[in-house]
Structure formats: C-alpha cells, structure tokens
Amino acid sequence: MKNATKFAHIGRPKIGVGTSVNPPLVRASTLLFDKADDLYNGGHRIYGRHGSVVHDSLSEAFCALENGAGTTLTPCGLSANTLSILANVKTGDHVLITDSTYGPVRHFCNSQLTKFGVEVEYYPPAIGADIKTLIKSNTSCILLESPGSLSLEIQDLPAIVKIAKANNIVTIVDNTWSAGLVYAPLDLGADIAVHAATKFFSGHSDILFGAVVSRTEAMAKNVRLTAAAYGNSTSPDDAYQILRGFRTVVTRFERQEKTAISLATWLQSHGKVARVIHPALPSHPNHDMWKRDFSGSSCLFSIVLQPCTETEVLALLDRLKLFAKGFSFGGFESLIIHCDPQLNRDHDPKFGGPLIRIACGLEDITDLQQDLTQGLEALRLDGEIT
Ligand SMILES: Cc1ncc(COP(=O)(O)O)c(C=O)c1O
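Read in order, the letters of the sequence shown are residues 670 to 1055 in our numbering.
1) For V690, which of helix, strand or coil comes out of DSSP?
2) Just mark Y709 as buried or exposed, buried being the case when its beta carbon has 16 or more other beta carbons within 10 Å.
3) Put C810 into one of helix, strand or coil per three-state DSSP.
4) DSSP beta-bridge partners for Y791?
5) Sorted by chain position, which residues of the same chain lie with C-beta nearer than 8 angstroms to L782's C-beta, five sequence neighbours on each side aside?
6) By a C-beta neighbour count over all protein chains shown, 10 Å radius and 16 as the cutoff for buried, is A835 buried or exposed?
7) Considering just the uninterrupted stretch of the beta strand (DSSP E) at T802, what are its terminal residues?
8) On the premise that T760 lies in contact with G786, defined as a C-beta separation below 8 angstroms, what is that separation, rounded to the nearest angstrom?
9) Quick check: what's the CA-CA separation for H776 versus C1008?
10) Per DSSP, which residues does T741 bridge with? Please list them.
11) Within 8 angstroms: the Cβ of Y771 and any heavy atom of ligand 1?
12) Nearest by alpha-carbon distance to T1056: which of I766, D957, C977 and G737 is it?
13) Where L734 and P1018 are concerned, what is the direct C-alpha to C-alpha distance, given to the nearest angstrom?
14) Shorter than 8 angstroms, the distance from the beta carbon of T767 to the closest heavy atom of ligand 1, or not?
15) When every heavy atom of ligand 1 is checked, does at least one fall within less than 8 angstroms of the C-beta of E1002?
16) Is the beta carbon of A859 less than 9 angstroms from the beta carbon of L912?
17) Would you tell me roughly how many angstroms separate the C-alpha atoms of A853 and F963, rounded to the nearest one?
18) What are the boundary residues of the beta strand (DSSP E) that R944 is part of?
19) Which word fits N891, buried or exposed, when buried means at least 16 other C-beta atoms lie within 10 angstroms of its C-beta?
20) Please report how far the alpha carbon of H947 lies from the alpha carbon of H953, in whole angstroms.
21) Could you check where the beta strand (DSSP E) with H864 kicks off and where it finishes?
22) According to DSSP, is T840 part of a helix, a strand, or is it coil?
23) Output the boundary residues of the alpha helix (DSSP H) element that contains S728.
24) If we ignore side chains and look at the alpha-carbon of each, how far apart do K960 and A949 end up?
25) Assuming the contact rule is C-beta atoms closer than 8 angstroms, I1027 and S931 should be a hit. Round their C-beta distance to whole Å, please.
26) By the DSSP assignment, the beta strand (DSSP E) with A1028 in it spans what residues?
27) Where does V851 sit, in a helix, a strand or coil, going by DSSP?
28) In the structure shown, what three-state DSSP assignment does S628 receive?
29) Note down the Cα distance separating L701 from D906, rounded to an integer number of angstroms.
30) Taking 8 angstroms as the line, does the beta carbon of A749 fall inside it for any heavy atom of ligand 1?
31) Beta-carbon within less than 7 angstroms of D856's beta-carbon, same chain only, minus the 5 sequence neighbours each way: which residues are those?
32) Between the alpha carbons of Q910 and S818, how many angstroms are there, rounded?
33) Is the separation between the beta-carbon of L985 and that of L1048 shorter than 9 angstroms?
34) Would you mind stating whether T740 and S883 have Cβ atoms separated by less than 9 angstroms?
35) With a cut-off of 8 angstroms, do at least 3 Cβ pairs link the region 791-800 to the region 840-853?
36) Roughly how many angstroms separate the alpha carbons of F970 and A929, rounded to a whole number?
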C-alpha cells in the first residue's frame, strides 16, 4: 500500500456505530482504577506519562512509516536524538557522530556525553566504509544524518551499517529531511530512525515533537525503558496534532519537494549563485548515492553565493518578503537562513562563499521565484562594491 493511502487510515478507531473518524483525545495525568488489583497487577497503563490511545495510534503510524518494530514519542526532535544516543551508551564508550549533525545534537554530545565519560568523535560525512579506521573496541554507536544539516551531504549508509554490524555498533539515523517518505534507513539496515516531527508532521510550525523508531522490538524496549527512566513524556494534544499531520503529509511533502527542485534548478544558472547544493541535482557530489538510496528529495536545499560580505548577505535576507528568517523547515511557510554562523565543524567543508539554506513552503512557486529574484538582484558581490 502506498504511503498516502496508509496514512489516511492508520491509527483510526475500528468502525462500529457512530464511530469518530479520529481516535479520542484523552487528557490525563492520573488514571483511576475501580479495583486495587487492577492498579497493581493488571498490566495496564497506570499513569499519564505512559501515554494514551492517541499516543498508541501515533506510534503505530511512525512504525508504519519507517517499517519499525516500536516507537517512542518524545517532546521534540532534539530529545529524540539525545534519547537514541543515551539508550545506547555508557560511561567509557566511544561514539561516532557525523560532523554534519544538527548543531544542538553536537552541543548535547560535547556538553553532556563527555560529562558522563563518553568519548565523542566527529567523522566527515563522506567517510563511507573508511569509518572502520575510526572504530575502537569501545565504540557503541554511530549517529548519521543524511543529508546533513545545512550542507546536505549524503552518507553511504549501507557501507557504514555493514561495518557497524560487524562490530556490534548501533546505527542511528536522523531522518527528518526525508520525513521517512523518500528514505528508509531501517530497510537499509540501520537500527534506529529519528524524526523531528516538528517539521513535516506538524507541518504548521506550531508544535515541537519527536519520534524514535527502532528496527527490532529489543531495541525499541531499550529506548522505551531509557525514556521512562528520564521522565520523557508528551502531551496528548501534541500527539493528536502530529497524527493529524500524518493525514496530509504526503501531499504537502510532494508539493514542497517539487518547489525545491524547481527553484534549485533555476538558481543553478543565476549569476549571483556560485553553487546549488541539492542531492537530486546531478551537480551534487553525492548525487549517485542519493539516486541509489533515496526515492525522492525534500523541501530543503542550500546555495553558495558568489563571494560577498556578511553585511550583503544579511541585507539580502532582509530584502526577501516571502522567505522569512527562521530556523526550521517542513512547515507551510518558506524560510531562509545564513548558515555560516552555525557551521561548527571539525572537518571544514569549505564552501568558498556564504552558505544559505532555503526551506520551501506551500506558497506559489512563481511568487517565491520573484521574491528571490528581487532579493538577489540587489546583492553586491565582492568585486562590485565601490
Ligand atoms: C535534522 C534535525 N534534527 C533534529 C532537529 C530538532 O528538532 P526540534 O526542533 O523538534 O527539537 C532539527 C531542528 O531543526 C533538525 O533540523
């Protein structure tokens, strides 16, 4: 069954007489029991932190999305990443994190994992099978993000998974960019897929939410118990809205994907743009790998401007009327950021000009193109400033 069909039906109540289309929203911290025996020995959910019907429906949807055995829902995408790591490390371990990881994950690793005696090493995203040279006897997990935040490198997941499996290392993939719709890391052998559902599944830039989907029940249980120990819980209202997002995500995603490809293709021949970084374009250095492992692309891509001052870059962002300056993607509205202040790398990717990330929303593409045209027209490149 195709995703659009699957997500129209998943997690809905069994139809009886006058059944609501959507699962009931139950708000509760305390759950009550008529019989004491049921409270202590019933094997039921006994407290609000343990979830609700809508949480179960949403977990089922994420499992279907990623072909996973179990899902743990988290308050945001960052906590989905940190939970996945925490479930798979202990003091004295060594972890390998892609150098292209989402910045706050890097901050967590550097400020928290190291505090607990975990050695953190960042590897260049192009490493592929050479990751074997970094494996130590105490390496316990590898965290990938493909494509990478900001710079959009595609990683050779099958090659990394092969080495990881041979060394008993857990592989975690942040799959937010693809919303799980055009990339299936668990099917490629990864152990855990992580989502910032804040992006496409919210779709409206008003909810923070995350999900950790595990390939096996044993891994899912490990994540679930770790989450419970840390007091991880999510509100039923937020879970309800994210499930609502599932119903329309395929349509929104495909429209935004199409807009991004069109704008990226057009920008390739724009005089003020030195380079377009979009995995679906043949000019992307990892295009062949993208073609091999992905079935589509996303709303997000980057461009490198011809060399110009930071003042010019900021003025360009300020001239744009439809692309708002904000740190996200997957919502209905287009966004743009200057990446250079966030580029914090151990292995400097060297872009040769200012790096700009563009997130396409649901606006009409001709309006978006016009906005970029007027913004870029007034951009003064280094040689043009008198
Ligand atoms: C790839 C990726 N992972 C995780 C996150 C974190 O998600 P959240 O904002 O829900 O914590 C983001 C947010 O921008 C992201 O881009």
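Cβ atoms here follow ideal geometry from the backbone N, Cα and C, with glycine treated the same way. Predicted model only: the values in this text are computed from it and were never measured.
With the structure as the only source:
1) In the structure shown, V690 falls within a coil segment according to DSSP collapsed to helix, strand and coil.
2) Label assigned to Y709: exposed.
3) Looking at C810 - three-state DSSP - the assignment turns out to be strand.
4) The partner list for Y791 (beta bridge, DSSP) reads I766.
5) The beta carbon of L782 is closer than 8 angstroms to those of I754, V758, V764 and V789 in its chain, skipping five residues each way along the sequence.
6) By the 10 Å Cβ count, A835 comes out exposed.
7) T802 -> no beta strand (DSSP E), and no H or E assigned at all.
8) Contact between G786 and T760 is confirmed by a C-beta separation of about 4 angstroms, below the 8 angstroms threshold.
9) Cα-Cα distance, rounded: 17 angstroms.
10) In the DSSP output, where bridge partners are listed per residue, T741 has V881.
11) Taking non-hydrogen atoms of ligand 1 into account, the C-beta of Y771 is found less than 8 angstroms away from one of them.
12) A question about residue 1056 goes unanswered here, because the residues of the chain that appear run from 670 up to 1055.
13) Distance between the alpha carbons of L734 and P1018 is about 32 angstroms.
14) Not one heavy atom of ligand 1 lies closer than 8 angstroms to the C-beta of T767.
15) No, ligand 1 has no heavy atom inside 8 angstroms of this Cβ.
16) Result no, Cβ atoms of A859 and L912 do not sit closer than 9 angstroms.
17) The C-alpha of A853 lies about 8 angstroms from the C-alpha of F963.
18) Counting along the chain, the beta strand (DSSP E) containing R944 begins and ends at V942 to I946.
19) The residue is buried, with at least 16 neighbouring Cβ atoms inside 10 Å.
20) Looking at the backbone, the Cα of H947 and that of H953 are separated by about 6 angstroms.
21) Per DSSP, the unbroken beta strand (DSSP E) holding H864 starts and ends at I861 to A865.
22) Correct three-state label for T840: strand.
23) Where S728 is concerned, the enclosing alpha helix (DSSP H) stretches over V722 to E735.
24) One C-alpha to the other measures close to 8 angstroms.
25) Contact flag wrong, Cβ pair sits at about 12 angstroms.
26) Its beta strand (DSSP E) spans residues L1024 to A1028.
27) Secondary structure at V851: coil, using DSSP grouped into helix, strand and coil.
28) Limits of the chain in this structure are 670 at one end and 1055 at the other, which puts residue 628 out of reach.
29) Taking the straight line joining both Cα atoms gives about 20 angstroms.
30) For A749, the shortest separation between its Cβ and any heavy atom of ligand 1 lies below 8 angstroms.
31) The residues are N736.
32) For Q910 and S818, the distance between alpha carbons rounds to 25 angstroms.
33) The answer is yes: Cβ separation under 9 angstroms.
34) With a cutoff of 9 angstroms on beta-carbon distance, T740 and S883 are scored as near each other.
35) No, the region 791-800 is not in contact with the region 840-853.
36) Answer to the nearest angstrom: the Cα atoms are 7 angstroms apart.
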